[in-house]
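Residue numbers (this note's numbering): 186 to 807.
The C-beta atom is built at its ideal place from N, Cα and C for all residues, glycine as well.
First the structure, in the form of structure tokens, and then the observations on it.
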Amino acid sequence: MLHTADPNLRNVAIIAHVDHGKTTLVDSLLAFCGSMQLDRSEADCVLDSDPLEKERGITITSKNCAVTYRPRSGEHSDKTCRINIIDTPGHADFGGEVERVLKMADGVLLLVDAFEGPMPQTRFVMGKALELDHPIIVVINKCDRPNARPDGVINEVFDLLVALGASDERLDFPVIYASGRDGWTSTEEGIHEGDMQPLLDAVMTHLPSPVGYADVPLQMLIASQDYSPYSGQIAIGRIYAGALSAGQAVMVCHENENRMARAQKIYRFKDLGKVPAELVSVGDLCAVEGIGDFEIGDTIACPEQPNPIARIAVDEPTLHMLFRINDSPNAGRSGQFVTSRQISDRLDRELRSNLALRVEQGDSADEFKVAGRGLLHLGILLENMRREGYELTVGRPQVIEKEIDGVKCEPIELLTLDVDQDHVGPAMELLGTRGGEVQSLEQRDDRMHVECEIPARGLIGLRSHMLTATGGEAVMYHCFQKYAPVRTTTYRRSNGVMVATANGQAATYAMVNLSQRGILFVEPQDVVYAGQIVGENARDNDLGVNVVKGKAFSNVRESNKEATVVLKASRDITLESSLEYIQDDELVEITPDSIRLRKKVLDESKRKQLSRKQKAAAANQD
186 MLHTADPNLR NVAIIAHVDH GKTTLVDSLL AFCGSMQLDR SEADCVLDSD
236 PLEKERGITI TSKNCAVTYR PRSGEHSDKT CRINIIDTPG HADFGGEVER
286 VLKMADGVLL LVDAFEGPMP QTRFVMGKAL ELDHPIIVVI NKCDRPNARP
336 DGVINEVFDL LVALGASDER LDFPVIYASG RDGWTSTEEG IHEGDMQPLL
386 DAVMTHLPSP VGYADVPLQM LIASQDYSPY SGQIAIGRIY AGALSAGQAV
436 MVCHENENRM ARAQKIYRFK DLGKVPAELV SVGDLCAVEG IGDFEIGDTI
486 ACPEQPNPIA RIAVDEPTLH MLFRINDSPN AGRSGQFVTS RQISDRLDRE
536 LRSNLALRVE QGDSADEFKV AGRGLLHLGI LLENMRREGY ELTVGRPQVI
586 EKEIDGVKCE PIELLTLDVD QDHVGPAMEL LGTRGGEVQS LEQRDDRMHV
636 ECEIPARGLI GLRSHMLTAT GGEAVMYHCF QKYAPVRTTT YRRSNGVMVA
686 TANGQAATYA MVNLSQRGIL FVEPQDVVYA GQIVGENARD NDLGVNVVKG
736 KAFSNVRESN KEATVVLKAS RDITLESSLE YIQDDELVEI TPDSIRLRKK
786 VLDESKRKQL SRKQKAAAAN QD
């Protein structure tokens with residue numbers, strides 16, 4: 186029989202667009218409930234524990250924590266209440282994280298910036314919450330901003346829910362005004378003081394307790410994972426039916442096969458960590474040690490009556506790249522893992538937790554086709570691999586096209602752009618060259634808010650060009666919108682590249698001369714090899730250059746001997762900028778200590794032969 190598990194328990198997911206303040210709000214909740222000491226002088230959020238999260242100031246993976254408190258008034262007055270909180274990423278590229286953890290929640294806090302209002306990712310995460318029919322509390326965050334417009338934002342949220350097909354019940358949402366940074370919430374607009382109690386009371390009042398079947402065999406859906414160097418993988422999920430006790434024999438249901446295991450230890454979430462538990466029952470979130478290898482989406486069930494829960498389904502990837510072994514002359518100099526087998530094993534491990542990732546074997550045993558939600562999604566994977574000691578090369582990102590009703594279609598993204606009025610013209614021109622179609626144009630204070638539908642391939646490299654066109658003032662976000670017929674607009678890099686023709690160390694003498702031909706990517710004394718891209722040509726053609734050529738010495742004194750050589754600064758090459766920059770015939774070489782650009786075919790004569798063959802083939806087709 187379906188029943189309420191614990192009337193004083195809530196499972197809540199916090200969802201929002203990127204930078205709308207989810208993790209900061211969670212920090213304030215933890216501090217208010219006595220779970221931690223809060224120091225706002227430190228820039229890092231407590232839950233963003235991964236080094237990449239700290240460096241980039243974003244949430245990449247979902248986090249679990251829990252707060253315990255006693256309400257001062259209301260139905261739950263003087264009762265010990267426990268709220269399991271799930272902090273989710275805000276970037277569209279990590280939408281797979283949002284989709285899988287929403288299954289563990291019974292309701293959501295939708296955070297919306299009091300100035301920006303609903304953004305592309307807001308639409309995405311809200312759509313996923315409505316699919317599960319989760320009750321909603323709308324939290325208008327950053328109400329202390331001078332340009333805050335909470336009333337207008339609430340209307341925009343209502344319009345968004347209507348557009349998403351929300352029921353009348355979901356449209357009647359409660360509203361909380363807040364400042365996660367300053368640690369106050371309020372049920373009334375204009376009151377910018379207090380604490381987090383109004384939000385916690387709203388959670389207990391408006392969001393339901395978990396329900397489930399207590400008198401049936403065990404069903405626990407694994408929705409996340411942790412790792413311990415002592416006990417290995419730790420399964421994190423929700424008990425949907427029955428109960429689980431420490432030491433209990435269980436069945437791990439994976440796709441079409443089951444295996445026996447034992448739940449050696451069980452934990453509940455408390456504050457920022459976990460505490461041991463002897464028994465967890467229906468509706469609770471927990472962590473389980475000792476069940477061996479598993480994948481997210483597996484079910485922990487009763488051995489006598491294993492009844493797996495439907496696996497977690499996430500939206501398909503929209504972008505893929507070719508991962509290959511590093512076959513450059515520098516291969517193996519700094520990396521610990523360089524073979525195709527090692528790369529394959531690493532990708533297999535990633536698939537266990539990264540539900541939005543897809544991996545296929547390439548045309549040879551040394552390459553793999555890896556698909557994800559976007560450049561950031563794949564870029565984070567590559568950055569983690571290089572920090573772990575992997576060496577590899579990757580090809581140009583390619584969008585994944587589909588045939589729908591006999592029509593070739595491509596992914597279309599919803600792009601929002603905030604730009605100052607002086608740069609609206611260049612920004613719109615740039616969007617037009619990328620196949621963008623403006624949907625709306627709205628003035629907000631001294632900036633223009635633009636919503637645009639644009640092919641996913643048009644987004645590759647757009648950010649850097651947009652920042653250049655707008656003097657670094659543009660702010661842009663995007664998320665997947667739909668598949669639509671392929672648009673004829675094509676975009677290619679307008680400049681060619683300088684390609685090294687010899688191996689050696691980059692020489693200042695050669696670089697001074699080459700800097701007049703374009704922008705260099707290397708520094709003096711950098712080790713380069715033939716076929717490596719060492720700079721950008723000012724013209725649209727590729728240029729072979731001898732960047733290792735030094736000055737010839739003689740015993741004749743020159744009149745300008747004492748002249749100071751001034752070398753132009755080289756362009757900094759990052760992983761994300763490299764992925765955006767390369768063309769079809771180029772690769773990014775990724776090692777623990779460097780990022781290099783190179784041609785697929787390193788030998789110059791072979792490249793020329795291949796180019797002639799391609800031109801001849803194109804002419805024959807015409």
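Check, Outcome
"Boundaries (first-last residue) of the beta strand (DSSP E) holding residue 592", "592 to 605"
"Sub-8 angstroms separation of residue 699 and residue 720 beta-carbons", "yes"
"Delimiting residues of the alpha helix (DSSP H) encompassing residue 694", "693 to 699"
"Neighbourhood of residue 744 by C-beta distance below 6 angstroms, restricted to the same chain and skipping five residues each side", "Summary for residue 744: the model assigns pLDDT 49, below 50, so the residue's position carries little reliability; its value from the coordinates is reported in the next sentence. Closer than 6 angstroms at the Cβ level, and outside the excluded window around residue 744, lies no residue."
"Residue 515 and residue 712 closer than 8 angstroms at C-beta", "yes"
"Complete beta strand (DSSP E) runs within the segment 437 to 502 (minimum length 3 residues, chain order)", "442 to 448, 450 to 455, 458 to 461, 464 to 466, 470 to 474, 484 to 486"
"Whole-Å CB distance - residue 576 paired with residue 776, under 8 angstroms assumed", "5 angstroms"
"Buried/exposed call for residue 673, threshold 16 Cβ in 10 Å", "exposed"
"Helix, strand or coil at residue 646 according to DSSP, with G and I counted as helix", "coil"
"Rounded C-alpha distance that separates residue 496 from residue 686", "53 angstroms"
"Contact set for residue 350: own chain, Cβ-Cβ below 8 angstroms, skip 5 residues either direction", "315"
"Own chain residues within Cβ distance below 7 angstroms of residue 127, not counting five before or after", "Residue numbering for the chain in the displayed model covers 186 to 807; residue 127 lies beyond these limits and cannot be assessed."
"Closest Cα partner of residue 763 within the set 521, 646, 322", "646"
"As assigned by DSSP and simplified to three states, the class of residue 357", "coil"
"Limits of the unbroken beta strand (DSSP E) element including residue 521", "First-last for residue 521: undefined, no H or E at that position."
"Status (buried if at least 16 other CB within 10 Å, exposed otherwise) for residue 651", "buried"
"Alpha-carbon spacing of residue 809 relative to residue 628, whole angstroms", "Only positions 186 to 807 of the chain appear in the structure, and residue 809 is not among them; the question remains open."
"Residue 433 in three-state terms, based on DSSP", "strand"
"Assigned exposure category for residue 570 - 16 Cβ within 10 Å defines buried", "buried"
"Backbone secondary structure at residue 508 - three-state DSSP", "strand"
"Proximal residues to residue 402 (C-beta, below 6 angstroms), its chain only, five neighbours per side dropped", "427, 487, 490"
"Three-pair Cβ contact test at 8 angstroms for the segment 286 to 296 versus the segment 212 to 220", "no"
"Buried versus exposed, by CB contacts within 10 Å (16 or more), residue 445", "exposed"
"Residue span of the alpha helix (DSSP H) that contains residue 306, given as start and end", "305 to 316"
"Residue 588, buried or exposed, once every other Cβ within 10 Å from all chains shown has been counted against 16", "exposed"
"Burial state of residue 346 (16 or more Cβ within 10 Å)", "buried"
"Separation of residue 432 from residue 459, as counted between CA atoms", "17 angstroms"
"Contacts around residue 365, its chain only, beta-carbon distance under 6 angstroms, and the 5 residues preceding and following it disregarded", "206, 209, 210, 213, 326"
"Boundaries of the beta strand (DSSP E) in which residue 413 is found, first to last residue", "404 to 413"
"Beta-ladder partner(s) of residue 665, from DSSP", "598"
"For residue 383, three-class secondary structure by DSSP", "helix"
"Anticipated Cβ contact below 8 angstroms, residue 541 with residue 564, distance rounded", "With a Cβ gap of about 14 angstroms, residue 541 and residue 564 do not count as contacting."
"Bounding residues of the beta strand (DSSP E) (the contiguous stretch that carries residue 640)", "632 to 640"
"Collapsed DSSP secondary structure at residue 787 in the structure displayed", "coil"
"Where residue 344 falls: helix, strand or coil (DSSP)", "helix"
"Residue 209 (DSSP reduced to helix, strand or coil)", "helix"
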